[in-house]
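The structure appears below as structure tokens.
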Amino acid sequence: MKATLDDVEVVLTRKEPFTFVAKAVVFLVIFALGVVAGFWAVTGPRQYYSSYTGFLFPSTAVYRGGGGGSVCCRPGVDVGFAEFVAPTRLMHNMSDEQLVWRATMAPASGAYPFERVPKVAFMFLAGRGVLPLAPLWERFFRGHEGLFSVYVHAPPGTMVNVSNDSPFYRRQIPSQETSWGSVTLMDAEKRLLANALLDFSNERFVLLSESCIPVQSFPTVYAYLTGSRHSFVEVYYHQNKQCRGRYSRRMAPDITLPQWRKGSQWFELSRDLAMRVLADTKYYPLFRQHCRPSCYPDEHYLPTLVNMLHGEQNSNRTVTYVDWSRGGAHPAMYGAEAVTPDLIQRIRRSDKQPCTYNSRPTSTCFLFARKFSPDALAPLLNISPTVMQY
Ligand SMILES: *[C@@H]1O[C@H](CO)[C@@H](O)[C@H](O)[C@H]1NC(C)=O
Ligand SMILES: *[C@@H]1O[C@H](CO)[C@@H](O)[C@H](O)[C@H]1NC(C)=O
Ligand SMILES: *[C@@H]1O[C@H](CO)[C@@H](O)[C@H](O)[C@H]1NC(C)=O
Numbered sequence: 025m026k027a028t029l030d031d032v033e034v035v036l037t038r039k040e041p042f043t044f045v046a047k048a049v050v051f052l053v054i055f056a057l058g059v060v061a062g063f064w065a066v067t068g069p070r071q072y073y074s075s076y077t078g079f080l081f082p083s084t085a086v087y088r089g090g091g092g093g094s095v096c097c098r099p100g101v102d103v104g105f106a107e108f109v110a111p112t113r114l115m116h117n118m119s120d121e122q123l124v125w126r127a128t129m130a131p132a133s134g135a136y137p138f139e140r141v142p143k144v145a146f147m148f149l150a151g152r153g154v155l156p157l158a159p160l161w162e163r164f165f166r167g168h169e170g171l172f173s174v175y176v177h178a179p180p181g182t183m184v185n186v187s188n189d190s191p192f193y194r195r196q197i198p199s200q201e202t203s204w205g206s207v208t209l210m211d212a213e214k215r216l217l218a219n220a221l222l223d224f225s226n227e228r229f230v231l232l233s234e235s236c237i238p239v240q241s242f243p244t245v246y247a248y249l250t251g252s253r254h255s256f257v258e259v260y261y262h263q264n265k266q267c268r269g270r271y272s273r274r275m276a277p278d279i280t281l282p283q284w285r286k287g288s289q290w291f292e293l294s295r296d297l298a299m300r301v302l303a304d305t306k307y308y309p310l311f312r313q314h315c316r317p318s319c320y321p322d323e324h325y326l327p328t329l330v331n332m333l334h335g336e337q338n339s340n341r342t343v344t345y346v347d348w349s350r351g352g353a354h355p356a357m358y359g360a361e362a363v364t365p366d367l368i369q370r371i372r373r374s375d376k377q378p379c380t381y382n383s384r385p386t387s388t389c390f391l392f393a394r395k396f397s398p399d400a401l402a403p404l405l406n407i408s409p410t411v412m413q414y
């Protein structure tokens, strides 16, 4: 294309107008015919593939035109496999039921026909369709492409405003309305998990919100999660109104009071456990029916289910720090004035309350923390290189 234009330019500057211009026009006509022929060659055979890859890979971007339409040997085939293994276009029109069915399919063969580098899926619940702390996360992710993927559940019809080189760009999944404390919140969490499972390289799945921050560097978070033998679903039982008091006898005999548990909404799951959670069709309907305010499914469903069926795979703690010390229905919110190196250091190293990692004691118990208000962004960006190491 460029060569052709240069040729015409040369022709026109020679000041021998007519014959050369005529030649140039003939040349352009032949060139245009070539483009049309090339286009036909690309689009013609495409019909064949669409009839069967459309069946294998419904509603994903199977065809993205091989290299601008100039070279084409096996249209759709290679791109189709890559897109099947790791969808790059996240929008689809599957219902939740169809999506979960597809997401819980697991390869029976242990070997992957591609180089599989395990990734961490960062799943954001953006309740109001904004991610005010995105610049901090962008700094955290920078330079680690290929080791993570991002998913955002924002209210339907909203578009998270980020630049096109951001890891959040075009990472919104098909969403539905959620309301605080209702089962729709748990539905959204499961929707995030299911969409993230479609990428076969995602190995660990962490739920976050727009007010969460990373308190460790990416390499630390990545090694911690991919190296863990356990998932991080907080599980506990308290003999009080906020735990025992939320159990409904109507869940028996499938879920009995001794099996009832509570824990933080902010979970982290291995791929295996994520699949098992989505595959549950027995217990979730009981929560939908019998766990209504003041019972909150997002605080009871996973802790109860994981503890009942997969306890040995769980650490029973969360990797997301939150401060409930003030009491009440909502935890403490840190604004600009509350952000100090000391606060973040105390979260990074739980010297007073160590935990275990792969059955060994450690003081690195938290990878993330909440809740931080939008005006905390500037002070967080100030201290992130020295305190958080990113
Ligand atoms: C999804 O889109 C396809 C075509 O893109 C259409 O044939 C199908 O009916 C749609 N399904 C739903 C559930 O809307
Ligand atoms: C999106 O972000 C840009 C840059 O931060 C800003 O200039 C613009 O006004 C924002 N758009 C909306 C709709 O918020
Ligand atoms: C978590 O609790 C389950 C069930 O009580 C138990 O089997 C498991 O060993 C615990 N995990 C750890 C890391 O202690």
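All you need for my numbering is the position in the sequence shown, starting with 1, plus 24. Ideal placement from N, C-alpha and C gives every residue a C-beta, glycine not left out. The structure presented is a predicted model; accordingly, all values stated were derived computationally and were not measured.
- Based on Cα-Cα distance, which residue from K395, F396 and C379 lies nearest to T388? When each option's Cα is compared against that of T388, the closest is C379.
- Message: Suppose contacts are defined by Cβ-Cβ distances below 8 Å. Is L401 in contact with L157 by that definition?
- Response: With respect to L157, L401 sits close: the two C-beta atoms are nearer than 8 Å.
- Message: Within 10 Å of its beta-carbon, does P403 have 16 or more other beta-carbons around it, so buried, or fewer, so exposed?
- Response: That one is buried.
- Please name the residue in H177, V411, G359 and W348 whose C-alpha comes closest to that of M210. Of the residues H177, V411, G359 and W348, the one whose Cα lies closest to the Cα of M210 is H177.
- Quick one: grab the DSSP three-state call for S83. No answer about S83 holds up, because its pLDDT of 41 lies below 50 and its placement is not dependable.
- Could you pull out every residue in the same chain whose Cβ sits closer than 6 Å to the Cβ of P365, ignoring the five residues on either side in sequence? Around P365: I407 and V411.
- Query: Just how far apart, CA to CA, sit H116 and A110?
  - Reply: About 14 Å.
- Taking only runs that begin and end inside the segment 124-169, name each unbroken beta strand (DSSP E) of 3 or more residues, in chain order. List check, beta strand (DSSP E) in window: 143-149.
- Message: Quick check: what's the CA-CA separation for S83 versus R341?
- Response: Caution applies to S83, whose pLDDT of 41 falls short of 50 and renders its modelled position unreliable; the model cannot decide the point.
- So what's L310 in DSSP terms, helix, strand or just coil? When secondary structure is reduced to three states using DSSP, L310 falls in the helix class.
- Message: DSSP has E292 in a bridge; who is on the other side?
- Response: In DSSP, E292 forms a bridge with V230 and F256.
- For Y136, is the classification buried or exposed, using 16 other Cβ atoms within 10 angstroms of its Cβ as the cut-off for buried? With fewer than 16 other CB atoms across the displayed protein chains lying within 10 angstroms of its CB, Y136 is exposed.
- Item | Under the three-state DSSP convention, the category A218 falls into | It is helical.
- Query: Between E323 and ligand 3, is the CB less than 7 Å from at least one heavy atom?
  - Reply: No; taking the cut-off as 7 Å, the Cβ of E323 has no heavy atom of ligand 3 nearer than that.
- Query: For I237, which beta-bridge partners are listed by DSSP?
  - Reply: Beta bridge pairing from DSSP links I237 with A393.
- Item | Three-state secondary structure (DSSP) of Q263 | Three-state DSSP puts Q263 in coil, outside helix and strand.
- Message: Classify S255: buried if its beta carbon has 16 or more other beta carbons within 10 angstroms, exposed otherwise.
- Response: Under this definition S255 is a buried residue.
- Message: Any residue with its Cβ nearer than 7 Å to a heavy atom of ligand 3 should be included. What is that list in chain order?
- Response: Residues with a Cβ closer than 7 Å to any heavy atom of ligand 3, in chain order: H254, V259, N331, G335, E336, N338, S339, N340, T380 and S383.
- Task: Note down, one range per segment and in chain order, each beta strand (DSSP E) of at least 3 residues found wholly within the segment 309-382.
- Result: Listed in chain order, the beta strand (DSSP E) elements of length 3 or more contained wholly in the segment 309-382 are 379-381.
- So, S272 versus C315, is the Cβ gap smaller than 8 Å? Contact flag set, yes.
- Task: In the DSSP assignment, find the unbroken alpha helix (DSSP H) run with V243 in it and report its ends.
- Result: The sequence given here has Pro at residue 243, not Val. Residues F242 to T250.
- Query: CB of N185 to nearest heavy atom of ligand 2: below 7 Å?
  - Reply: At least one heavy atom of ligand 2 is nearer than 7 Å to the Cβ of N185, so yes.
- Do three or more CB pairs link the segment 168-186 to the segment 270-285 at distances below 8 Å? The answer is no - the segment 270-285 does not touch the segment 168-186, with fewer than three Cβ pairs under 8 Å.
- May I ask you to list the residues that DSSP assigns as paired with S173? Under DSSP, S173 takes part in a beta bridge, and its partners are A145.
- Query: Tell me which same chain residues have a C-beta within less than 6 Å of the C-beta of Q413, skipping the five on either side of it?
  - Reply: Around Q413: S241.
- Comparing alpha-carbon positions, which option in L405, P159 and R300 lies nearest H334? Of the candidates L405, P159 and R300, R300 places its Cα closest to the Cα of H334.
- beta strand (DSSP E) containing P385: first to last residue? Taken as a continuous stretch (DSSP letters only), the beta strand (DSSP E) holding P385 covers R384 to T386.
- Measuring alpha carbon to alpha carbon, tell me which of V184, V207 and D278 ends up nearest I197. Shortest Cα-Cα distance from I197 to any of V184, V207 and D278 involves V184.
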